[in-house]
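Residue numbers (my numbering): 9 to 328.
Even for Gly, the Cβ is constructed at its ideal location relative to N, Cα and C.
Below is one structure, written out as structure tokens; comments come after it.
As structure tokens, then:
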């Protein structure tokens, strides 16, 4: 574990250094884009996406550390003292996610995790010292990367602090009722499909199915262009009516169970499909559905907050 942590740390550092050197060497002068409302929305959608997941998760493994200063010294590396809070992000990296909340204080953290975290910290620290000696740390482009990461980390911490207040239980219940009402009197299909580029290819696969040269699962894994389902035999799982492409849904609605369709075309390409099961849409109990609904509403709320902040900000693009 300690060796893999060193390698990961070195890889990250090398990537940053290479990015800085390449940028400084090439120094492209791109024409600045106009910051239109549409551009604003795109920026928010792309930058907030990666923050939402970490914002709603607990990223502090040692609960007792959340309200102290830097804590006591836990290691010394070439006369540099390392305190508890400084080591915390490194500990968070080495403790498995399913164990991260088991440790209330530093005294309860197993020694092997502490050693791995310290080794990782040492790699960063020692490379930083080398960079200082060579003057790399003063590189303005490197500082801009560091500053960006700092802003992102602060944003994530803020989102984490407000995430639990964004969605009420009443909102979750209302959304659950809305979703469950939308499923009433609807059917759901368990479907597999093979997506192909042309009618000619679809006809060849269709003949292979008719002659039973290979089964559907194997043909889907070999030839389907749908990366999301091809590797699992084209399995789309259960889909409620209205969730699928209308042309696709119309084609499979006429099929008898376990009968292959003739090749048919949608905007995605050519398909051969089979319906393995058909039933009334299942209504999930509230206790099972609530966590997923809460998480989805929370993500939507954070995204809307980011969009509102950007929309209301006085942003001016100054062209050089």
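Are the beta-carbon atoms of residue 336 and residue 282 separated by less than 7 Å?
Examination of residue 336 is not possible in this model, given that the chain is present from 9 through 328 alone.
With a threshold of 6 Å, establish whether the CB of residue 319 neighbours any heavy atom of the ligand HEM.
Among the components of this structure there are no ligands whatsoever, and the ligand HEM is therefore not found.
Residues bridged to residue 84 [DSSP beta-bridge criterion]
Per DSSP, the beta-bridge partners of residue 84 are 89.
Beta-carbon separation of residue 198 and residue 285 under 7 Å?
Contact flag set, yes.
Residue 235, enclosing beta strand (DSSP E) - first and last residue
DSSP places residue 235 in no beta strand (DSSP E); its state is neither H nor E.
By the 10 Å Cβ neighbour count, where 16 or more other Cβ atoms means buried, how is residue 271 classified, buried or exposed?
By the Cβ-count criterion, residue 271 is buried, with 16 or more other Cβ atoms from all chains shown falling within 10 Å of its own Cβ.
If you draw a straight line from the C-alpha of residue 255 to the C-alpha of residue 323, how long is it?
Approximately 44 Å between the Cα atoms of the pair.
Going by the beta-carbon positions, is the gap between residue 309 and residue 174 smaller than 7 Å?
Cβ distance < 7 Å, so residue 309 and residue 174 count as in contact.
Beta-carbon proximity list for residue 233, same chain, < 6 Å, skipping 5 on both sides
Cβ within range, chain order: 203.
Drop a sphere of 10 angstroms on the beta-carbon of residue 238, count the other beta-carbons inside from all chains shown, and report buried for 16 or more, exposed for fewer.
It counts as buried.
Taking residue 206 as the reference, give the member of 236, 277 and 167 with the closest Cα.
The shortest Cα separation from residue 206 among 236, 277 and 167 belongs to 277.
In the DSSP assignment, what are the bridge partners of residue 204?
Answer is 278.
Can you find the residues in the same chain that come closer than 6 Å, C-beta to C-beta, to residue 41, ignoring five residues on each side of it along the sequence?
With a pLDDT of 34 at residue 41, under the threshold of 50, the modelled position of this residue cannot be trusted; read the value that follows with caution. Same-chain partners within the cutoff: there are none.
Classification of residue 251 by the beta-carbon crowding that lies within 10 angstroms, buried from 16 upward
Residue 251 should be labelled exposed.
Using the Cα positions of residue 145 and residue 167, report the straight-line distance between them to the nearest angstrom.
When rounded, the distance between both Cα atoms is 30 Å.
State the DSSP-derived secondary structure class of residue 98, mapped to helix, strand or coil.
Reduced to three states, the DSSP call for residue 98 is helix.
CA-to-CA distance, residue 241 to residue 269, given in whole angstroms:
Each residue's alpha carbon lies about 16 Å from the other.
What number of angstroms, rounded off, separates the C-alpha of residue 273 from the C-alpha of residue 279?
Straight-line Cα distance between these residues: approximately 6 Å.
Do you know how far the Cα of residue 94 is from the Cα of residue 195?
Going from the Cα of residue 195 to the Cα of residue 94 covers about 55 Å.
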